[in-house]
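Colleague: In the numbering used here, the protein residues as written are 37 to 548. Don't be surprised by glycine CBs; every beta carbon is placed ideally from N, CA and C. Just so it is clear, the structure is predicted and the values come from calculations on it, not from any experiment. Once you've had a glance at the structure underneath, I'll fire off some questions.
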């Protein structure tokens with residue numbers, strides 16, 4: 037299949053991303069976490085703090101603090117059981133949402149702290165420990181892989197987020213490529229929020245020498261590949277500052293250190309062909325820092341429409357409490373009393389928090405390349421209608437109650453939109469940034485959307501509301517609702533938000 041057609045189907049014709057009659061083999065499902073065998077490991081403290089209401093002061097981090105940060109970012113946090121008398125479904129959950137609860141991403145770290153050997157590690161979420169993959173000081177190597185745009189020597193570490201293809205391909209087939217980017221973004225958003233609470237500053241790099249980073253971690257890029265690099269620091273530093281030194285290629289960097297061979301346990305006995313994912317992943321690779329770009333904010337057209345001052349303000353919330361209470365209501369949404377002030381606080385906090393340091397903008401933190409559209413129903417102080425949200429202001433695109441239109445657009449009727457007072461749509465460049473970043477643009481846009489989605493979910497949870505990210509909807513239908521053909525945008529994800537009733541299930545926290 038042509039890669040352009042593949043991405044088009046991922047977005048507009050999801051039914052074409054799996055063969056007719058496709059059914060996952062649950063008996064042969066992979067583990068939702070990666071387990072290495074035969075490598076040295078460092079256990080991390082299980083006595084995690086149960087509140088993160090106050091931000092810690094920047095300080096040289098202990099291994100205990102790093103462990104707590106990793107647990108709040110991507111640790112196994114909860115076990116749940118739900119179902120009927122005939123069938124019980126048990127799941128291991130983390131604080132971030134993931135399509136089908138499959139968690140296709142993995143966390144790797146470069147650490148340079150006193151309490152552990154310097155080197156490249158994997159975060160073993162199942163056992164809450166660090167597994168040493170390659171010992172040594174790799175600051176120069178990582179700096180060169182980032183095109184000399186980060187002073188790694190001023191950082192105590194760097195997190196590398198990867199996508200492991202089979203972990204959700206077994207269920208979603210080719211549609212898993214879209215989910216892997218979104219899930220990586222959601223994870224990056226959670227990481228940034230956790231970093232703030234633990235006193236770490238960070239920057240997000242989505243452009244790097246892919247083969248070089250896969251090589252240092254010992255990853256087979258036909259199975260798994262790095263999607264983002266997030267250096268961590270407690271020192272003042274210049275982010276995304278270039279140098280005049282020569283730049284090496286990915287091939288040269290790979291030749292500079294020997295390969296490592298590791299063994300990990302998959303559980304699946306039969307791995308199906310996902311060569312198309314490998315093809316687009318390789319087409320997205322950057323082989324030289326000369327390919328890196330600064331693209332800045334996307335110039336969005338000015339929209340007409342009656343304006344409503346929504347207001348709203350940023351607010352401090354306990355991240356630990358918000359994570360524990362975050363809930364995807366499915367059919368459990370309820371129409372309740374929601375005020376315009378609550379909606380304003382939700383949108384102001386989430387959108388403001390999602391604008392972060394990243395290498396697409398460089399040293400300047402620009403406006404987001406994404407837009408937030410929303411349909412409101414029965415929200416006190418806001419007339420029913422479809423709106424564009426911009427910096428505390430709502431612009432009316434289409435007045436009226438659009439619940440029937442949105443409900444009819446669902447391809448999987450697992451949410452009752454008649455009971456959701458707010459339905460948000462995150463939208464972005466219809467060309468998926470491919471004019472600027474070629475094939476890499478698609479996954480970068482999905483990651484940016486994921487970072488915003490996680491901020492929306494955390495803010496909603498802090499306000500006592502539930503949110504349920506949805507990809508099973510008719511994108512063209514929603515684009516018409518907001519007249520996005522006029523702006524060159526398209527809807528990337530749909531998020532119903534509202535009050536909810538508690539679900540009948542058993543759940544328990546996994547912490548010391």
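Between 423, 438, 440 and 439, which lies nearest to residue 432 when the distance is taken from Cα to Cα?
Modeller: Working through the chain shown from its first residue, we reach residue 432 at position 396. Closest by alpha carbon: 423.
Colleague: Checking the sheet assignment: what are the DSSP bridge partners for residue 241?
Modeller: Locating residue 241 in the chain shown gives position 205, counting from the first residue. BP columns for residue 241 point to 265.
Colleague: Smallest Cα separation from residue 321: which of 287, 298 and 295?
Modeller: Counting from 1 along the chain shown, the entry for residue 321 is found at position 285. When only C-alpha atoms are compared, the closest one is 287.
Colleague: What are the boundary residues of the alpha helix (DSSP H) that residue 156 is part of?
Modeller: Within the chain shown, the letter at position 120 stands for residue 156. Counting along the chain, residue 156 falls outside any alpha helix (DSSP H), though it belongs to the beta strand (DSSP E) covering 155–160.
Colleague: Mind checking whether residue 266 and residue 240 have CB atoms under 7 angstroms apart?
Modeller: As a working note, residue 266 is residue 230 in the chain shown. As a working note, residue 240 is residue 204 in the chain shown. A contact, by the Cβ cut-off of 7 angstroms.
Colleague: For a quick check, are the C-beta atoms of residue 66 and residue 168 less than 7 angstroms apart?
Modeller: Taking the first residue of the chain shown as position 1, residue 66 is located at position 30. Taking the first residue of the chain shown as position 1, residue 168 is located at position 132. No, the Cβ-Cβ distance between residue 66 and residue 168 is not below 7 angstroms.
Colleague: Extract the residue ranges of the alpha helix (DSSP H) inside the segment 127–184, only unbroken runs of 4 or more that lie entirely within it.
Modeller: Counting whole runs of 4 or more residues, the segment 127–184 contains the alpha helix (DSSP H) stretches 175–181.
Colleague: Within the chosen definition, does the segment 214–224 reach the segment 288–302 through at least 3 CB pairs nearer than 8 angstroms?
Modeller: With a cut-off of 8 angstroms, the segment 288–302 and the segment 214–224 do not count as touching, because too few Cβ pairs lie within range.
Colleague: Would you report the Cα separation of residue 199 and residue 470, rounded to the nearest angstrom?
Modeller: Numbered from 1 along the chain shown, position 163 holds the residue referred to as residue 199. Numbered from 1 along the chain shown, position 434 holds the residue referred to as residue 470. Distance between the alpha carbons of residue 199 and residue 470 is about 20 angstroms.
Colleague: Have a look at 360, 269 and 317 and flag the residue whose alpha-carbon is nearest the alpha-carbon of residue 496.
Modeller: Residue numbering aside, residue 496 sits at position 460 when the chain shown is read from its first letter. The shortest C-alpha separation from residue 496 is found at 360.
Colleague: CB of residue 475 to nearest heavy atom of the ligand ATP: below 6 angstroms?
Modeller: As presented, the structure is devoid of all ligands, the ligand ATP included, so that no description of it is given.
Colleague: From residue 68 to residue 203, what distance separates their C-alpha atoms?
Modeller: Here residue 68 refers to the residue found at position 32 when the chain shown is read from its first residue. Here residue 203 refers to the residue found at position 167 when the chain shown is read from its first residue. If I take the Cα positions, the gap works out to 7 angstroms.
Colleague: Under the rule that 16 or more other beta-carbon atoms within 10 Å means buried, what is residue 74, buried or exposed?
Modeller: Here the question's residue 74 lines up with position 38 in the chain shown. So residue 74 ends up on the exposed side.
Colleague: Taking the Cβ atom as the reference point for each residue, do residue 134 and residue 116 lie within a distance shorter than 7 angstroms?
Modeller: Locating residue 134 in the chain shown gives position 98, counting from the first residue. Locating residue 116 in the chain shown gives position 80, counting from the first residue. Not a contact, by the Cβ cut-off of 7 angstroms.
Colleague: By Cβ distance below 8 angstroms, which residues in the same chain neighbour residue 354 in space, the five residues on each side in sequence not counted?
Modeller: Position 318 of the chain shown holds residue 354. Hits under 8 angstroms: 87, 88, 89 and 498.
Colleague: Enumerate in chain order the residues of its own chain whose CB-to-CB distance from residue 342 is below 6 angstroms, with the five nearest sequence positions on each side excluded.
Modeller: Within the chain shown, residue 342 is the residue found at index 306, counting from 1. Counting only Cβ-Cβ distances below 6 angstroms, and skipping sequence neighbours, we find 432.
Colleague: Give the secondary structure of residue 188 by DSSP, where H, G and I count as helix, E and B as strand, and everything else as coil.
Modeller: Stepping through the chain shown from its first residue, residue 188 is reached at position 152. Of the three classes helix, strand and coil, the one that applies to residue 188 here is helix, per DSSP.
Colleague: By how many angstroms is the C-alpha of residue 474 removed from the C-alpha of residue 228?
Modeller: Along the chain shown, read from residue 1 onward, the residue named residue 228 stands at position 192. Along the chain shown, read from residue 1 onward, the residue named residue 474 stands at position 438. Answer to the nearest angstrom: the Cα atoms are 26 angstroms apart.
Colleague: Residue 462: buried (16+ other C-beta within 10 angstroms of its C-beta) or exposed?
Modeller: Residue 462 sits at position 426 when you count from the first residue of the chain shown. Buried: at least 16 other Cβ atoms inside 10 Å.
Colleague: Which runs of the alpha helix (DSSP H) fall wholly inside the segment 487–541 and span at least 4 residues, in chain order?
Modeller: Taking only runs of at least 4 residues, the alpha helix (DSSP H) segments lying wholly in the segment 487–541 are 511–517.
Colleague: Using only CA atoms, which one of 230, 256 and 107 lies nearest to residue 298?
Modeller: Within the chain shown, residue 298 is the residue found at index 262, counting from 1. Looking at the Cα atoms, 256 is the closest of the given residues.
Colleague: Do residue 175 and residue 189 have their CB atoms nearer than 7 angstroms?
Modeller: In the chain shown, residue 175 corresponds to position 139, counting from 1. In the chain shown, residue 189 corresponds to position 153, counting from 1. Contact: yes.
Colleague: Does the pairing of the segment 400–414 with the segment 383–392 give three or more beta-carbon distances under 8 angstroms?
Modeller: The segment 400–414 vs the segment 383–392: in contact.
Colleague: Skipping 5 residues on each side, what residues in its chain have a beta carbon closer than 8 angstroms to that of residue 329?
Modeller: Sequence index remark: in the chain shown, residue 329 carries index 293 (1-based). Cβ within range, chain order: 243, 396, 472 and 473.
Colleague: Start and end of the alpha helix (DSSP H) containing residue 217?
Modeller: On the chain shown, position 181 is the one that residue 217 refers to. Note, residue 217: alpha helix (DSSP H), 212–233.
Colleague: Would DSSP call residue 412 helix, strand or coil?
Modeller: Looking up residue 412 in the chain shown gives position 376. Three-state DSSP puts residue 412 in a strand.
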